[in-house]
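Following: one structure in structure tokens, then a few remarks.
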Amino acid sequence: MARFRQLVLSWEAGLVVLTVLVVIFGQLADHDLISSFNLQTTALNNVILLCLALGVAPVIMTGDIDLSVVGTLALSGVVMGDLMAHGMATGLAIAIGLVLALVCGLINGLLVVLFDLPALAVTLGTMGAYTGISFLILGGLAITTFPNSVVSLGSSNLTGTQVPFATVVVLAIAAIMAYLVHFTTWGKSLFAVGGSRKAALFSGIAVNRVRITTFIISGFLAGFAGLLFLGNYETAQAGMGASQLLPAITAVILGGVSAYGGTGTIPGVVLAAILLALLQSALGLHGFSGEGQTMAVGFLLIIAIGAQPLARSARDWWRRHAGVREIASAGTGESRGGSESSSGASGAEVRSTAVN
Amino acid sequence: MSAAEMISDVATSSARRSRVNAMVRRSDTALLGLIALITLVAVATLSDFRTLSNINNLLNTTALIAIVAIGEAVVILARQIDLSVGAILGICAYLVGEWSGHFSGPFGPVIGVLLALALGAGFGLGNALLVNVFKMPAIIATLATLSIYTGLQIIVNNGSQLYLTQVPKWLAGLRGNAWFGIGTFIWIAAIVLVAVSFILRRTRFGRDVYALGSNPEAAAYLGVKIRLRTFQIFALCGALAGLGGLLYTSQFGNVDATAGNGMNLTVIAAAVVGGVSLFGGAGTALSAVLGALLLGEIQNVLELTRISIFAEQTLQGAAIVIAVAVYAVVSRRLRRPVRREAFLSEHPTLNPAAIEAAGGTSNG
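Same order as they appear, the protein sequences are chains V and L. Everything in the first sequence is counted per this note's numbering, starting at 1 for the first residue and increasing by one. Everything in the second sequence is counted per this note's numbering, starting at 1001 for the first residue and increasing by one.
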């Protein structure tokens, strides 16, 4: 538990440091970053990404991946929008859409787990299938009128404040997910399965059930993201939200979830989403266009994930060479190695010391 | 199937019979049968399918996808993945189209092709750099470079588009030209297929690719130069994506900043449908080509039957899932008896038939 807490503190601390840096430099360059209007817009524009990321995170923690979330988002969003447009009661339409999303997740889970297929291929296929069905339902048209309750969920503020309602809801979901992942038996088994599927099986964990549940949760949250999409952009069309897939996975990975499974935290994912949101906002305010922001996300990913191994191999190299030169004093080589590694990027660096 | 299992397969007593069986059961053969079946049905029922222009169009599109899919297949064979091929293709389509205008004369095409290959290989090396030096998992590294290369693509395009009139004649005419009655695209795809198949089958590089894909740790113990191979694998994939970009310019004649955007997943889908295992080590260059052909044909038939262009994505997605499921079931079925026979030939006393016979004699 102590080691777990240490890991949480370290990786998240790195993300916080990076976020603070972004805020400081962004604020110095353009004075609008920390304006209430900009923060509100940024928060509202990133709830869908965060909602998807929260769903995908447990899947990646178990060592699988779910690419189909954008398909589920589009399908359930389109179904909800279509039902509402045909005059169905809002609550019922939402319920049907969310159940559909749940079923989408269940299908992924059953295909991956029961048939023992690679998650990447299955969810690549179901992404196409779900998106395609949403195309079939609307036939290329778009729905643009929604009940007030849906719109206010997606785009209004908490009464009396400038805090978007959707952001509060998604943060509440994040809190629930954090509880589930870090404080329940299910959450523990998540990491066990991600660490070693075989070992988890031998220690009596219902591996299949755990893996299927992660897919169901991922599908459900993707459906909820679809609902937020309807309210936020007031449009339902096939293939909506497709551009959110890679940013959502980026947020999960940047949040410290290993792509091989077994590590990661929900607070980390939330912090990573905040970091990405603020970085994009800062770049946008400074006059960088969309491609500049996309590239920055790519570089950030490389720095966060790649800097740590790079620092380690640099340190190893230094140790080896220092060892050859000063074979008598190993202590000096050790201390030099330490100073070398501390010059790495802050976020990854904190983690590497914690792991060592 | 891994190399070790193939060896044990050969070592079993039923080797001769299983060789014939294996030929029949091979995924390539099955896929070819499926493609032939769809073709026959389409030819018989759809008069539009039979037209020369449609078949040319189908084969040209397939050739373009197949070339990029072959590169992706090599990467997947080595248990890596490259999500950035679409962006590499897009950048190369624009830059090579623009630059090759400067090289006129008889060597123009040669320089153009070399340029496309080199540029693509450069981007592939960028991917390998992240995998090797930064020790990033390939899926994350290429996710990052997908962002970076896409951004680069938009910057390079700078809001403008490249039209067929702006590219040299040999490039613009590449699509329509034919040698010995067969389109240039198909020749190029065939050359790539033969070359990569040769490399995979007959060279140390190819054996290392399969070794890395089957068991990276064992490959390391065997002395496979993993870093070098990773550089080569990603460079090859990038180079073929670059070549695909060259064909893209000729095929669509209109290159904008979104060129190749959806290509990443299509190419992976082609390789997977063709039978290249995402776990590495199983599949060939031909698998990728057949996968591309199958997907291309399904799409073509759907377009012709006007089922609805919206159903395409659904059916393609379903095709991927079904293909993966079928391969998993088939490979498991194939593996089971082989293992059993190999085990029994090593431990003949444990053979249930022998035990039964022994029990029978002692009883009687």
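Note that beta-carbon positions come from the ideal geometry of N, C-alpha and C, so glycine has one too.
One or two residues paired with Gly63 (chain V) in a DSSP bridge: Counting from one through the first sequence, the residue named residue 63 (chain V) turns up at place 63. Its beta-bridge partners do not exist; DSSP assigns none.
So within the region 117 to 162 of chain V, which uninterrupted alpha helix (DSSP H) runs reach at least 4 residues, ignoring any that extend past its ends? Those alpha helix (DSSP H) runs which fall completely within the region 117 to 162 of chain V and span 4+ residues are 119 to 138, 148 to 155.
Residue range of the unbroken alpha helix (DSSP H) whose run includes Arg1306 (chain L): Residue numbering aside, residue 1306 (chain L) sits at position 306 when the second sequence is read from its first letter. Looking at the DSSP string, Arg1306 (chain L) is not in any alpha helix (DSSP H), and its letter there is neither H nor E.
Determine the DSSP secondary structure at Ile1182 (chain L), reduced to helix, strand or coil. Position 182 of the second sequence, counted from the first residue, corresponds to residue 1182 (chain L). DSSP places Ile1182 (chain L) in strand when its eight states are reduced to three.
Ala314 (chain V), DSSP secondary structure in three states: Here residue 314 (chain V) corresponds to residue number 314 of the first sequence, with the count starting at 1. Ala314 (chain V) falls in the helix class under three-state DSSP.
Span of the alpha helix (DSSP H) around Arg197 (chain V): For this step, residue 197 (chain V) is matched to residue 197 along the first sequence. Counting along the chain, the alpha helix (DSSP H) containing Arg197 (chain V) begins and ends at 197 to 202.
With DSSP collapsed to three states, give me the class of Ser1083 (chain L). Position 83 of the second sequence holds residue 1083 (chain L). Residue 1083 (chain L) is actually Leu in this sequence, not Ser. DSSP places Leu1083 (chain L) in coil when its eight states are reduced to three.
Leaving out five residues on either side along the sequence, give the residues of the same chain with a beta carbon under 8 Å from the beta carbon of Leu100 (chain V). Residue numbering aside, residue 100 (chain V) sits at position 100 when the first sequence is read from its first letter. Around Leu100 (chain V): Leu75, Ser76, Val79, Gly223.
Spatial neighbours of Leu117 (chain V) within its chain, please: CB distance less than 7 Å, with the 5 preceding and 5 following residues excluded, ordered by chain position. One-based indexing of the first sequence puts residue 117 (chain V) at position 117. Answer for Leu117 (chain V): Leu111, listed in chain order.
For the alpha helix (DSSP H) that contains Lys1169 (chain L), what are its first and last residues? Indexing the second sequence from 1 puts residue 1169 (chain L) at position 169. From DSSP, the alpha helix (DSSP H) with Lys1169 (chain L) extends over 1169 to 1172.
Verify whether the separation of the beta carbon atoms of Met127 (chain V) and Val257 (chain V) is less than 8 Å. Taking the first residue of the first sequence as 1, we reach residue 127 (chain V) at position 127. Taking the first residue of the first sequence as 1, we reach residue 257 (chain V) at position 257. Met127 (chain V) places its beta carbon 8 Å or farther from that of Val257 (chain V).
For Val112 (chain V), does the three-state DSSP call read helix, strand or coil? By one-based count along the first sequence, residue 112 (chain V) stands at place 112. Val112 (chain V): helix per DSSP, three-state reduction.
State the Cα-Cα distance for the pair Ala1121 (chain L) and Val1075 (chain L), rounded to the nearest angstrom. What you label residue 1121 (chain L) is simply residue 121 of the second sequence in a count that begins at 1. What you label residue 1075 (chain L) is simply residue 75 of the second sequence in a count that begins at 1. Cα to Cα, Ala1121 (chain L) sits roughly 13 Å from Val1075 (chain L).
Cβ contact check for the region 301 to 309 of chain V and the region 1132 to 1148 of chain L: 3 or more pairs under 8 Å: yes
Closest by CA to Leu1034 (chain L), which one among L:Gly1274, L:Ala1282, L:Gly1317? Within the second sequence, numbered from 1, the residue matching residue 1034 (chain L) stands at position 34. Per the Cα distances, L:Gly1274.
Is there a Cβ of chain V sitting closer than 8 Å to that of Ile1038 (chain L), yes or no? On the second sequence, position 38 is the one that residue 1038 (chain L) refers to. It does not: the Cβ of Ile1038 (chain L) has no partner Cβ on chain V nearer than 8 Å.
Glu1217 (chain L) - containing alpha helix (DSSP H), residue span: Your numbering for residue 1217 (chain L) matches position 217 in the second sequence. 1216 to 1221 is the span of the alpha helix (DSSP H), which, as asked, contains Glu1217 (chain L).
With respect to the alpha helix (DSSP H) encompassing Tyr179 (chain V), which residues constitute its N-terminal and C-terminal limits? For this step, residue 179 (chain V) is matched to residue 179 along the first sequence. Boundaries of the alpha helix (DSSP H) around Tyr179 (chain V): 165 to 183.
When you compare the region 1083 to 1096 of chain L with the region 1284 to 1295 of chain L, are there three or more beta-carbon pairs, one atom per stretch, that lie closer than 8 Å? no
Does the beta carbon of Phe215 (chain V) sit closer than 8 Å to a beta carbon anywhere in chain L? The residue you call residue 215 (chain V) lines up with position 215 of the first sequence. Closer than 8 Å: no.
Where does Asn1158 (chain L) sit, in a helix, a strand or coil, going by DSSP? Within the second sequence, the letter at position 158 stands for residue 1158 (chain L). Asn1158 (chain L) falls in the coil class under three-state DSSP.
Using 8 Å as the limit for Cβ to Cβ distance, is Ile1148 (chain L) near chain V? Start at 1 with the first residue of the second sequence, and residue 1148 (chain L) comes out as number 148. So, interface residue.
Roughly how many angstroms lie between the CA atoms of Val350 (chain V) and Val210 (chain V), to the nearest whole one? For the purposes of this step, residue 350 (chain V) is taken as the residue at position 350 of the first sequence. For the purposes of this step, residue 210 (chain V) is taken as the residue at position 210 of the first sequence. At Val350 (chain V), the pLDDT of 37 sits below 50, so the modelled position is not reliable; the number obtained from the coordinates is stated separately. For Val350 (chain V) and Val210 (chain V), the distance between alpha carbons rounds to 31 Å.
Just to confirm before moving on: does the CB-CB distance between Glu12 (chain V) and Gly231 (chain V) stay below 8 Å? The residue you call residue 12 (chain V) lines up with position 12 of the first sequence. The residue you call residue 231 (chain V) lines up with position 231 of the first sequence. Contact flag unset, no.
Can you find a C-beta in chain V that's less than 8 Å from the C-beta of Val1133 (chain L)? Taking the first residue of the second sequence as 1, we reach residue 1133 (chain L) at position 133. Yes, contact with chain V.
Are the C-beta atoms of Gly1090 (chain L) and some chain V residue less than 8 Å apart? Residue mapping note: residue 1090 (chain L) aligns to position 90 of the second sequence, counting from 1. Cβ-Cβ to chain V under 8 Å: no for Gly1090 (chain L).
Within chain L, the residues that Met127 (chain V) reaches when beta carbons sit closer than 7 Å: Translated into positions along the first sequence, residue 127 (chain V) becomes position 127. Within chain L, the residues near Met127 (chain V) are Gly1317.
Partner residues on chain V for Gln1313 (chain L), Cβ-Cβ distance less than 8 Å: Sequence index remark: in the second sequence, residue 1313 (chain L) carries index 313 (1-based). Ordered by position in chain V, the residues that pass the 8 Å Cβ test against Gln1313 (chain L) are Gly128, Ala129, Thr131, Gly132, Phe135.
Applying a beta-carbon distance threshold of less than 7 Å, which residues of chain V neighbour Ile1139 (chain L)? Residue 1139 (chain L) sits at position 139 when you count from the first residue of the second sequence. Chain V residues near Ile1139 (chain L): Ala259.
Using a Cβ-Cβ cutoff of 9 Å, what residues of the region 258 to 285 of chain V are near chain L? List them in chain order. If the cut-off is 9 Å between Cβ atoms, the region 258 to 285 of chain V has Ser258, Ala259, Tyr260 near chain L.
With 16 other Cβ atoms within 10 Å as the buried cut-off, status of Ile1060 (chain L): Taking the first residue of the second sequence as 1, we reach residue 1060 (chain L) at position 60. Looking at the sequence provided, one finds Asn at residue 1060 (chain L) rather than Ile. Classification for Asn1060 (chain L): buried.
Any idea which residues DSSP pairs Val269 (chain V) with across the strands? To locate residue 269 (chain V), count along the first sequence from 1; it is residue 269. In DSSP, Val269 (chain V) forms no bridge with anything.
Any idea what DSSP makes of Val1224 (chain L), helix, strand or coil? Taking the first residue of the second sequence as 1, we reach residue 1224 (chain L) at position 224. Three-state DSSP puts Val1224 (chain L) in coil, outside helix and strand.
Report yes if the CB atom of Gln237 (chain V) is closer than 8 Å to the CB atom of Val70 (chain V), and no otherwise. Here residue 237 (chain V) corresponds to residue number 237 of the first sequence, with the count starting at 1. Here residue 70 (chain V) corresponds to residue number 70 of the first sequence, with the count starting at 1. Not closer than 8 Å, so no.
Below 8 Å, can you find three or more Cβ-Cβ pairs linking the region 273 to 284 of chain V to the region 197 to 212 of chain V? no
Please check if any C-beta of chain L sits within less than 8 Å of the C-beta of Ile253 (chain V). In the first sequence, counting from the first residue as 1, residue 253 (chain V) sits at position 253. It does; some Cβ of chain L falls within 8 Å.
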